[in-house]
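Residue 5 is where the sequence shown starts when you use our numbering, and the numbers rise one by one after that. Okay, so here's the structure we're looking at.
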Amino acid sequence: MASNSNKIPVAVAAAVNDVLAGSHSSLERIFRLAGASGEPPALSHAAKWKTWLLQTNADPAADAHVVLGRVIEEFMEVDPPASWPRVPKEHERAIAERETERVRLREILARHGLRYQQGGKIVSSTTSGSTRSLESVLRDRDLAALDVEFRRALDNIENDPPAAVTSACAIVEAMCKLYIEDEKLEPPSEQTAKPLWRVVQKHLGLDPAQISDDDLKRILTGLASIVDGIGAFRTHVGSAHGRGRTAYRPAARHARLAVHSAHSLVAFVLETWDARKALSNREHG
């Protein structure tokens with residue numbers, strides 16, 4: 005018998021209903037193979053799949069989280085197929101829209117203490133038994149789980165702003181190191197935020213000097229300033245370094261600015277990284 009805690013929240017069921025596309029027969033086949041309980045509800049697409057998931061919640065013999073993971077596995081892991089005749093721009097747009105929907109679904113799962121794990125699994129993002137390392141979160145490009153990492157930094161803001169700044173900088177550095185490792189790049193001699201970022205920035209095409217559009221150049225220059233600022237802030241006020249008697253202690257609002265800035269930077273880099281990989285795979289596929 006499944007645990008009563010393995011229920012699908014209504015908001016998650018509604019989100020799944022919104023993102024699933026396909027004929028009734030094709031989706032019914034997915035739900036049946038996933039082990040959804042009972043017969044498909046005699047409803048329109050607008051409510052049918054949400055109702056079937058909630059119907060599975062009511063079955064004491066079913067593990068609704070297992071069913072949910074299997075139902076969304078293809079959606080979460082397989083990009084839309086290329087149209088025929090192939091229209092590259094339309095296909096790219098379909099992939100971008102799918103990724104936007106995936107991010108939204110991950111965010112809703114995260115709000116309810118859940119996350120999708122590769123292989124069609126739904127696991128808790130709050131229990132210690134399912135906590136992953138930061139490296140694993142970054143490697144999986146799991147933005148919802150990354151939010152959990154940043155929320156830990158945010159939790160420190162009021163009580164220990166320097167610790168929050170240290171956490172924000174550590175995540176930026178971890179992201180850069182992983183990128184350099186995975187892309188087999190030459191690491192800088194100094195393993196701190198600014199020199200690590202220079203390597204990533206250049207290889208990922210985010211160097212302002214490589215950009216002709218003035219507006220985008222300003223934004224990318226701002227990213228470099230964020231990395232520089234967070235690294236310097238951590239050095240001067242973060243908990244990772246000793247502080248003298250006259251050291252400046254940041255206010256909570258300053259630490260919050262550092263954490264949110266780091267979050268935006270890391271999420272953007274991970275999404276850009278995936279977009280570049282997808283484009284490269286299509287060009288060489």
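Don't be surprised by glycine CBs; every beta carbon is placed ideally from N, CA and C.
Span of the beta strand (DSSP E), counted from its first residue to its last, around residue i
i, result
"V127", "K125 to S128"
Burial state of residue i, where buried means 16 or more other Cβ atoms lie within 10 Å
i, result
"G123", "exposed"
"V82", "exposed"
"L142", "buried"
"N160", "buried"
"N285", "exposed"
"V14", "exposed"
"A172", "buried"
"S140", "exposed"
"T104", "exposed"
"R36", "exposed"
"E153", "buried"
"H28", "exposed"
"K11", "buried"
"P85", "exposed"
"T276", "exposed"
"I126", "buried"
"A114", "buried"
"S216", "exposed"
"S132", "Only weak support is given to the placement of S132: the predicted model assigns it a pLDDT of 36, under 50, and the question is left unresolved by the model."
"A100", "exposed"
"I223", "exposed"
"P191", "exposed"
"S7", "Residue confidence for S7 is low, a pLDDT of 46 falling below 50, so the modelled location carries little weight; the figure read from the coordinates is stated next. S7 comes out exposed."
"H47", "It is Leu, not His, that sits at residue 47 in the sequence shown. Exposed, by the Cβ-count rule."
"D151", "buried"
Proximity test, residue i beta-carbon vs the ligand SAH heavy atom, cut-off 7 Å
i, result
"Y120", "Among the components of this structure there are no ligands whatsoever, and the ligand SAH is therefore not found."
N- and C-terminal bounds of the alpha helix (DSSP H) containing residue i
i, result
"Q214", "Segment: none, Q214 is in no alpha helix (DSSP H) and carries neither H nor E."
"E78", "A68 to E81"
"N61", "H49 to N61"
"P199", "A197 to H207"
"N21", "V14 to V23"
"I34", "H28 to A38"
"R253", "No alpha helix (DSSP H) holds R253; DSSP gives it neither H nor E."
"E139", "L138 to R143"
DSSP bridge partner residues for residue i (one or two, in chain order)
i, result
"Y183", "Paired residue(s): none; Y183 is not in a bridge."
"L118", "S128"
Inter-residue CB distance, residue i and residue j (contact presumed, cutoff 8 Å)
i, j, result
"I184", "L200", "7 Å"
"K198", "G235", "5 Å"
"L147", "A282", "The Cβ separation is near 16 Å, so there is no contact."
"T60", "P45", "Rounded, the Cβ-Cβ distance is 11 Å, inconsistent with contact."
When the options are compared against residue i, the one with the closest alpha-carbon
i, options, result
"A66", "R156, G39 and A228", "G39"
"L227", "A259, Q205 and V20", "Q205"
"H258", "L158, A178 and L189", "L158"
"V176", "A262, A86, W53 and H69", "A262"
"P64", "G42, P84 and K54", "G42"
"V75", "L109, L269, A62 and A100", "L109"
"V70", "E101, S128, I230 and A50", "S128"
"V231", "A174, R280 and D278", "A174"
"A18", "P166, M80, L57 and A178", "L57"
"H49", "D22, E275, D278 and G73", "D22"
"L24", "M80, P45 and A68", "M80"
"L31", "L47, V16, W53 and A46", "W53"
"R145", "L283, E287, A282 and D278", "D278"
"T170", "N61, T196 and D186", "T196"
"F237", "D218, D186, L210 and S265", "S265"
"R156", "R260, K181 and R280", "R260"
Test: residue i CB closer than 8 Å to a CB of chain B
i, result
"A38", "Within the model displayed, chain B is absent; a lone protein chain is all it includes."
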